[in-house]
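Counting in my numbering, the sequence shown runs from 372 upward without gaps.
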Amino acid sequence: MDSVGCAPSLVAIPKELQALPDRIAKSYENKTLFISGGSGFLGKVLIEKILRLEPNVKKIYLLMRSKRGKSPEERIEDLFQCPVFEALKSLRGKDILKKVQVISGDITQLHLGISEKDKKELIENVDIVYHVAATIRFDEPIKTAVILNTRGTRDMLELSKQFKQLKLFTYISTAYCHPKEEVLEEKTYLPPDDPHQVILRAESMKSDDLEVFRKDILGDFPNSYAYTKCLAEGLVAECMELGMPCMILRPSIVVPIYKEPLPGWTDNINGPTGLLIGAGKGVIRSMYCNNTGMADFLPVDVAINGVFLFTWDYLNSKKEDRRKVCHLTTNKDYKITWQEIIDIGKHIVTSKVPFNNTLWYPGGGMTQSRLTHFICCILFHWIPAYFLDALILISGNKPCLVKIQERIHHGFEVFEYYTNNEWEFKNENLHSVRSNRNAREVIQYCVENDNVDIAKYFEKGVHCARYFLMKETPDTLQSAKRMMKVMYTLHIATRLIFFGLILWFFSNNFHMFVKLGIFLQGLVKVFLTSSSDTTASRVMTDL
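So, in structure tokens, the structure goes:
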């Protein structure tokens, strides 16, 4: 994988610092954990780091359901084949994975669908809970989002209340679940509705019936994701008030790995990764966006470092000093404008890491004008998609580009709220906790911008997206670069021909345009004359 820039990499601790204790990893020594959402992007990186840094963790219970004909046991085998676990297996051996035990269950089922036998085992053994599971689809139906994000959290809390050894319940929320708060403080906020009543309503009504009232239910919330995560926070806050050891963590937009264990890796096309792929393939050429707006991105390994820090801090603080709501956000540390992302990405996908089978040379841009964006989408998204699909159909193959554009258009609709608004996320807790690290822990649990090379980071991300997500092998990279040069030549030639035709049309029809101008000028004069005459008549009448 070295040839594609996607090699595992671990942070090296200098010899002179290796004698210092890793107090943060020790938080997990002989502890039993229960994790939901372990098969997701953030969950995978969390599990990997716990096993790699603290091999003496007692056990990790992983809530997992059957999916696509595979049992939970089969799915966990697939999970550990994920490339993000390669460094762990090389360092600790495959036997370390035996510390992870599947708990068959489903966050969408009432009471999580866990058997009584498994429930008893959890009650007797679990010390720390990480509730990560959620649906992150912004356009999810209200009923589905409530069941997954809100009721699922309620049931996780109710189960965790019974754990005899419980030391901490951590809810992974989002920094965007209080969108009307321009400055988000590290505190709990009152939910817009009673979460318990919303759950009852979702359980008793059909999904289609609830969707009729979607706008009324969401109110000021842009989507069902933010709304239901906000309700879930309300449930966690209730348990805090009752004395349950709980903590809410609010990460911002989680993006590919920065340093370890696999720089640039992600398992999804959400956020900037999908944007770079779409632009690199030539299918995204316009974006409705505040190009000077700041994007609050946080690499997933940095987010997990924050989870480690806050867990350590909570478990080692006096009850009255515990931090209960903490932000995993960057503010100025990793911030970058949307325009910078596009400029850096365009250079990468055209010169350094182009994709195979691009439809056209990557180009276009972003605008804050809806009208301009609409016109650009018609000209550069929809017309080419229909034209090329027609050619594909004629050739006897199945057309797909219009469907791709429909998905892109729908994605823009739900995402543009975040690209045209900005928030300030207070993160004093992160700054405070990170100051308590020793020299070894500063390196092992980096949560600050240590002169990160943004261009190099995104280049790693595109390399990994090309290899792991698009399944484009490294031996095709040189041919992709040659094809990109051909695409560039065609792009320039097409533009020259287009502007040449426009110039030719205007030059050959110059006299027609002159006559049209004279005609329009005459119309304006007639209109102004008639308007002044009408005004004069009204004045005389009044007199």
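Glycine included, C-beta positions come from ideal geometry on N, C-alpha and C.
Check                                                                                                                   : Outcome
Short Cβ contact (8 Å threshold) for Gly476 with Ala504                                                                 : no
Arg621 - containing beta strand (DSSP E), residue span                                                                  : 617-622
Under 8 Å between C-beta atoms of Val428 and Leu404                                                                     : yes
Any non-hydrogen atom of the ligand ZN within 7 Å of Glu787 CB                                                          : You won't find the ligand ZN in this model; it holds no ligand whatsoever.
Test item: CB-CB of Glu419 and Pro632 under 8 Å                                                                         : yes
Which residues DSSP lists as bridging Cys548, in chain order                                                            : DSSP, once it has assigned bridges, lists no residue as partnering Cys548.
Bounding residues of the alpha helix (DSSP H) (the contiguous stretch that carries Thr790)                              : 772-790
Ordered list of beta strand (DSSP E) runs contained in the stretch 817-846, each at least 3 residues                    : none
Backbone CA spacing between Asn662 and Asn807 [nearest angstrom]                                                        : 37 Å
Residue from Arg446, Pro733, Leu750, Ile513 whose Cα sits closest to the Cα of Lys577                                   : Ile513
Ser407 - containing beta strand (DSSP E), residue span                                                                  : 403-407
Phe668 versus Val500 - alpha carbon distance                                                                            : 25 Å
Buried/exposed call for Lys896, threshold 16 Cβ in 10 Å                                                                 : exposed
C-alpha gap between Ile518 and Phe796, whole angstroms                                                                  : 28 Å
Pick from Ser688, Lys689, Cys453 that is closest to Gly414, judged by C-alpha positions                                 : Cys453
Opposing strand residues paired with Tyr685 [DSSP bridges]                                                              : Bridge partners of Tyr685: none, in fact.
Lys558 vs Val696 beta-carbon contact at 8 Å                                                                             : yes
Same chain, Cβ closer than 6 Å to His359, neighbours up to 5 away in sequence not counted                               : Since the first residue of the chain shown is 372 and the last is 914, residue 359 is not available in this structure.
Candidates Tyr598, His502, Lys538: closest to Pro566 by CA position                                                     : Tyr598
Cβ pair Thr847, Cys660 closer than 8 Å                                                                                  : no
Sub-8 Å separation of Cys377 and Gly635 beta-carbons                                                                    : yes
Reference Glu444; option with closest CA among Leu462, Val455, Leu468                                                   : Leu468
Tyr432 - partner residues in DSSP beta bridges                                                                          : Phe405, Gln472
Beta-carbon separation (whole angstroms), Arg805 vs Glu819, contact threshold 8 Å                                       : 7 Å
Whether Met737 touches Met665 by CB criterion (8 Å)                                                                     : no
Simplified DSSP state of Met883, which is helix, strand or coil                                                         : helix
8 Å Cβ cutoff met for Phe540 and Pro616                                                                                 : yes
Bridge partner(s) assigned by DSSP for Met737                                                                           : Met658
Proximity below 8 Å, CB of Asp591 to CB of Lys551                                                                       : yes
Nearest-angstrom beta carbon gap, Glu604 and Ile619 [assumed within contact, 8 Å]                                       : 6 Å
Simplified DSSP state of Ala378, which is helix, strand or coil                                                         : coil
Environment of Thr844 [buried if 16+ CB atoms lie within 10 Å]                                                          : exposed
Identified DSSP bridge partners for Leu539                                                                              : Ile499
Limits of the unbroken alpha helix (DSSP H) element including Pro755                                                    : 754-765
Residues of its chain near Lys438, where Cβ-Cβ distance is below 7 Å and the 5 sequence neighbours each way are ignored : Arg446
Distance between beta carbons of Gly735 and Cys748, contact taken as under 8 Å                                          : Actually they are not in contact, since the Cβ atoms of Cys748 and Gly735 sit about 10 Å apart, beyond 8 Å.
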